[in-house]
Amino acid sequence: MNMFIIAVMVLWQTQSHEEITVKGTRTLADSKEDSSFNSTIKTDDPVSKGWSLPRTLSFSPSINIQSTGSDGHMSFLMIRGSAPSHVNWFIDTIPVNPGMAGTFDVSIFPLISFTKLTVFRGFTPPAFGNDGIGGSVNLTTGISGDNLFISNTLASFGTLGYSISASSSGKIPFRISGRWYTTSGNYKYYRNNGTEFTSEDDSTGERKNNQSNIFSLMINVPLCIGSVKLKNNLLFIDSQSGLPGPVNMEAHETSFKRRRGFLSSLLTFGTGNTWLRAAFSGEILKESFQDKSDEMGVGAQETSNLYSSLFSRASFNHLKGNHFFSLQIGARGEYLHQENTLALENAGNHRRFYGNGSARYRFKNKFISVQIYSAMNYLDSTAETAEVMPSGAASISLNPQNWPEIRLNFRRAYRSPTFLELYGNSGTLKGNPNLESEYGYTGDVGIIWKKRNIQFEGALFFQKMFNLIQFVPNSQFVSVSENAGSADIYGAESAGSIKFPFDVDFRVSVLLLKTENTDRDSYNYAKPLPGRPRTTLSSTLSWKKDIDLWRLSPAFTVAYTEGAFFDSDGRRPVPARYNLSFLLGIKTPWKGLNLTIEGRNLENRISERLERLPPGINGRNFYMQGKGDYLGYPVPGRTIFFTLSYEQ
Numbered sequence: 031m032n033m034f035i036i037a038v039m040v041l042w043q044t045q046s047h048e049e050i051t052v053k054g055t056r057t058l059a060d061s062k063e064d065s066s067f068n069s070t071i072k073t074d075d076p077v078s079k080g081w082s083l084p085r086t087l088s089f090s091p092s093i094n095i096q097s098t099g100s101d102g103h104m105s106f107l108m109i110r111g112s113a114p115s116h117v118n119w120f121i122d123t124i125p126v127n128p129g130m131a132g133t134f135d136v137s138i139f140p141l142i143s144f145t146k147l148t149v150f151r152g153f154t155p156p157a158f159g160n161d162g163i164g165g166s167v168n169l170t171t172g173i174s175g176d177n178l179f180i181s182n183t184l185a186s187f188g189t190l191g192y193s194i195s196a197s198s199s200g201k202i203p204f205r206i207s208g209r210w211y212t213t214s215g216n217y218k219y220y221r222n223n224g225t226e227f228t229s230e231d232d233s234t235g236e237r238k239n240n241q242s243n244i245f246s247l248m249i250n251v252p253l254c255i256g257s258v259k260l261k262n263n264l265l266f267i268d269s270q271s272g273l274p275g276p277v278n279m280e281a282h283e284t285s286f287k288r289r290r291g292f293l294s295s296l297l298t299f300g301t302g303n304t305w306l307r308a309a310f311s312g313e314i315l316k317e318s319f320q321d322k323s324d325e326m327g328v329g330a331q332e333t334s335n336l337y338s339s340l341f342s343r344a345s346f347n348h349l350k351g352n353h354f355f356s357l358q359i360g361a362r363g364e365y366l367h368q369e370n371t372l373a374l375e376n377a378g379n380h381r382r383f384y385g386n387g388s389a390r391y392r393f394k395n396k397f398i399s400v401q402i403y404s405a406m407n408y409l410d411s412t413a414e415t416a417e418v419m420p421s422g423a424a425s426i427s428l429n430p431q432n433w434p435e436i437r438l439n440f441r442r443a444y445r446s447p448t449f450l451e452l453y454g455n456s457g458t459l460k461g462n463p464n465l466e467s468e469y470g471y472t473g474d475v476g477i478i479w480k481k482r483n484i485q486f487e488g489a490l491f492f493q494k495m496f497n498l499i500q501f502v503p504n505s506q507f508v509s510v511s512e513n514a515g516s517a518d519i520y521g522a523e524s525a526g527s528i529k530f531p532f533d534v535d536f537r538v539s540v541l542l543l544k545t546e547n548t549d550r551d552s553y554n555y556a557k558p559l560p561g562r563p564r565t566t567l568s569s570t571l572s573w574k575k576d577i578d579l580w581r582l583s584p585a586f587t588v589a590y591t592e593g594a595f596f597d598s599d600g601r602r603p604v605p606a607r608y609n610l611s612f613l614l615g616i617k618t619p620w621k622g623l624n625l626t627i628e629g630r631n632l633e634n635r636i637s638e639r640l641e642r643l644p645p646g647i648n649g650r651n652f653y654m655q656g657k658g659d660y661l662g663y664p665v666p667g668r669t670i671f672f673t674l675s676y677e678q
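Heads up: the sequence shown runs through residues 31 to 678, numbered per my numbering.
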């Protein structure tokens, strides 16, 4: 019925034939101002416009998405093996508050509201003004003329979604976009009832309390008044979800709610070779967690956290010939009000202030680009200590004629403690106001080669992280945050694409990782970090076929991972996994009407055979467990999506 309504809107259109392509895969590094390795994903294709943000980002190389379910459920992004809390998020280069725990839930962002996504895999560009140990994602807004887009998605497990976007390029250009997405999440999952080596009581159940509802609305108003350019954004997000717990836990009433309001403005003023740029934002975020019956086993709670923040940044930029120079200052104030928390000593109000100043110089001609960046960062809060953290970066890009481009980058970055780490939550996680910031060193070197129908990119990289904040148990039920960790990540990544005759396109990406806990005081010293596959391989074969006035765009994707661990002890390896998915984009003869059929997890596996290390006296120990990520949440089996969209 929902799809029929959209179809009726376009049947009066005259028949025509327009090209449709299956996108979602990314272009190779194309940043003109920064030599970091990055992936750009354009969202202007009708096939992928109605997708979720996690689904779109999953096509980018060196990306790992951890989720508590499927589309619409909490999802967290890892880049090159970094933790989700080490990834910074921006809207038009303006930072977005990740919330209490510092890990950004990717599922809440509406893809339809953005024209481009850029994943900076090594580190955050200096122009953004915020450091990030584990890379960053910038969501770019924009308007491309007068446009109307509507889509309706129906999928397995009670999934339903609507997306709409309308823009005008008149005297006051604007774009309004919205998305409503809901899912029951009642897919089948395998449970061993907590008895790993006893299969007699194993069973298959249906996920309960796994529903999720997300509503988002975004308004973009870009203005140009003489030499002044303004980019204004207003974003509102409301999300509610049940929390059923990991595989062998059944929570029937536990829930989590979030409401976010984000207002930002990016101003550019100047002519010629000198210009000023300023950014401002205000944000309010409310998070509520309820577990009145203590189903999660961490203490009955009904907590509420209200955040508000103000951000400002200003830079002076000058370009003279091959030389570019920039001075930048920034400040951000954050305020937290906690209500109904059981940790009474932490209840109340907390605030903190960030300040930073930086200088950047770049020399660039047709053969070489050299950039040097240096910054000082200041943090002061209601915690007991204030910090001054240095950071900086250096990069070189060589682009000899008729040869691959060579890029070399090195950076020192930091991450300040989150509110959760400083002040705890309901008593089970106890904060520590004496925490220091995490810091790390990141570097990479690689090549980028583009020639006609062939593109290739490859890089070697490393991350060395210190002062890592961990919650260390100090009693049976309570853990305290401490600067108690350090880790190394080394790896290699490559991605390439080939365009064959007859509109056939092949893309492949590979990520190889070696991770290690380097904290000599830890029981897990020299063990691999959990949730990081040693090998990740993804390949997509797509092509286009015209049949009369129809255009079919099928694509088939194979993804493979191996070498990950569920735990930090290195005793529960994740079995090697492969995932099959397909996508069929259909361009109809009716102008603007498109249909997308997508299938994920075609192998339909909901359980897998695991081994517990080391082997026992009687040999190797195997047992069955529900298929899930390292967070312990089961993933759904075969899932089918139907999306009907109309664009004019």
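The C-beta atom is built at its ideal place from N, Cα and C for all residues, glycine as well.
- What's the C-alpha gap between residue 253 and residue 303? Spanning the two alpha carbons is a distance of roughly 21 Å.
- Message: Buried or exposed, going by whether 16 or more other CB atoms sit within 10 Å of the CB of residue 119?
- Response: By the neighbour-count rule (16 or more Cβ atoms within 10 Å), residue 119 is buried.
- Task: Would you kindly work out how many angstroms separate the C-alpha atoms of residue 13 and residue 596, rounded to a whole number?
- Result: The structure shown does not extend to residue 13, since the chain spans only 31 to 678, so no value can be given for it.
- Item | Residue nearest to residue 171 in terms of C-alpha spacing, selected from 501, 214, 74 | Nearest Cα to residue 171 within the set 501, 214, 74: 74.
- Message: Using a 10 Å radius around the Cβ and a threshold of 16 neighbouring Cβ atoms, would you call residue 357 buried or exposed?
- Response: Answer is exposed; the Cβ neighbour count stays below 16.
- Look up residue 115 in the DSSP assignment and say whether it is helix, strand or coil. Here residue 115 sits in helix by DSSP.
- Proximity of residue 514 and residue 549 at Cβ, strictly below 8 Å: Their beta carbons are under 8 Å apart, which means residue 514 touches residue 549 by this criterion.
- Message: Let's see if you can read the secondary structure: which residues bound the alpha helix (DSSP H) around residue 453?
- Response: If you look at residue 453, you'll find it in the alpha helix (DSSP H) that goes 449-453.
- Message: Considering Cα atoms alone, identify which of 552, 574, 581, 537 is closest to residue 568.
- Response: Nearest C-alpha to residue 568 among 552, 574, 581, 537: 537.
- Query: Based on the DSSP output, what are the partners of residue 305 in its beta bridges?
  - Reply: For residue 305, which the question treats as bridged, DSSP gives the partners 300, 347.
- Message: One question on the structure: do residue 164 and residue 113 come within less than 8 Å of each other, judged by their Cβ atoms?
- Response: Going by C-beta atoms, residue 164 is nearer than 8 Å to residue 113.
- Anticipated Cβ contact below 8 Å, residue 451 with residue 511, distance rounded: Confirmed, Cβ separation roughly 4 Å.
- Task: Could you name the residues of the same chain whose beta carbon sits closer than 6 Å to that of residue 246, not counting the 5 residues immediately before and after it, in chain order?
- Result: Excluding positions up to five away in sequence, the list reads 140, 209, 267.
- Task: Within its chain, find whatever has a CB closer than 6 Å to the CB of residue 398; leave out the 5 residues flanking it on each side and keep chain order.
- Result: In its chain, beyond the 5 residues on either side, 428 have a beta carbon closer than 6 Å to the beta carbon of residue 398.
- Message: Quick check: the segment 660-676 against the segment 173-187, are at least 3 beta-carbon pairs closer than 8 Å?
- Response: Touching, yes.
- The beta strand (DSSP E) with residue 362 in it runs from where to where? Element bounds for residue 362: 353-369.
- Query: According to the Cβ coordinates, are residue 240 and residue 203 closer than 8 Å?
  - Reply: With respect to residue 203, residue 240 sits apart: the two C-beta atoms are not nearer than 8 Å.
- Item | Classification of residue 394 by the beta-carbon crowding that lies within 10 angstroms, buried from 16 upward | Classification for residue 394: buried.
- Item | Residue from 481, 545, 101 with nearest C-alpha to residue 244 | Distances from the CA of residue 244 to each of 481, 545, 101 were compared; the closest alpha carbon is that of 101.
- Message: Taking the alpha carbon of residue 587 as the reference point, which residue from 85, 72, 70 has its own alpha carbon closest?
- Response: Checked all of 85, 72, 70; the closest Cα to residue 587 is 85.
- Starting from the Cα of residue 683, find the closest Cα among 449, 441, 436, 463 and give me that residue. In the structure displayed, the chain extends from 31 to 678; residue 683 sits before or after that span and is not available.
- Over the uninterrupted beta strand (DSSP E) stretch that includes residue 274, give me the two end residues. No beta strand (DSSP E) holds residue 274; DSSP gives it neither H nor E.
- From which residue to which residue does the alpha helix (DSSP H) around residue 86 run? Per DSSP, residue 86 is one residue of the alpha helix (DSSP H) stretching across 83-87.
- For residue 125, does the three-state DSSP call read helix, strand or coil? Looking at residue 125 - three-state DSSP - the assignment turns out to be strand.
- Task: Could you check if residue 282 is buried or exposed, using at least 16 other CB atoms within 10 Å of its CB as the buried criterion?
- Result: Its Cβ having fewer than 16 others within 10 Å, residue 282 is exposed.
- With C-beta atoms as the reference, is residue 488 less than 8 Å away from residue 527? No; because the gap between Cβ atoms is not below 8 Å, this pair is not in contact.
- So, residue 388 versus residue 159, is the Cβ gap smaller than 8 Å? Yes, these two residues count as a Cβ contact at 8 Å.
- Message: Check this for me: beta carbons of residue 624 and residue 616, under 8 Å apart or not?
- Response: With respect to the 8 Å criterion, residue 624 and residue 616 are classified as neighbours on the basis of their beta carbons.
- Item | Span separating the alpha-carbon of residue 677 from that of residue 142 | The straight-line gap separating the alpha-carbon atoms of residue 677 and residue 142 is approximately 12 Å.
- Task: Enumerate in chain order the residues of its own chain whose CB-to-CB distance from residue 603 is below 8 Å, with the five nearest sequence positions on each side excluded.
- Result: Short of 8 Å from the beta carbon of residue 603, and not among the five residues preceding or following it, lie these beta carbons of its own chain, in chain order: 593, 594, 595, 596, 640, 641, 643.
- For residue 702, does the count of other Cβ atoms within 10 angstroms reach 16, so buried, or fall short, so exposed? Nothing about residue 702 can be read from this structure; the chain reaches only from 31 to 678.
- Message: Going by the DSSP bridge assignment, what does residue 292 pair with across the sheet?
- Response: Answer is 265, 313, bridged to residue 292.
- Message: Assuming contact is defined by CB atoms lying nearer than 8 Å, are residue 83 and residue 136 in contact in what I supplied?
- Response: Yes; because the gap between Cβ atoms is below 8 Å, this pair is in contact.
- Item | Rounded separation between residue 681 and residue 386 - CA only | Examination of residue 681 is not possible in this model, given that the chain is present from 31 through 678 alone.
- Task: Select from 391, 231, 405 the residue whose C-alpha is nearest the C-alpha of residue 351.
- Result: Closest option to residue 351, Cα to Cα, is 391.
- Query: Shortest alpha-carbon distance to residue 272 belongs to which of 229, 577, 216, 659?
  - Reply: Taking each of 229, 577, 216, 659 in turn and checking the Cα distance to residue 272, the smallest one comes out for 216.
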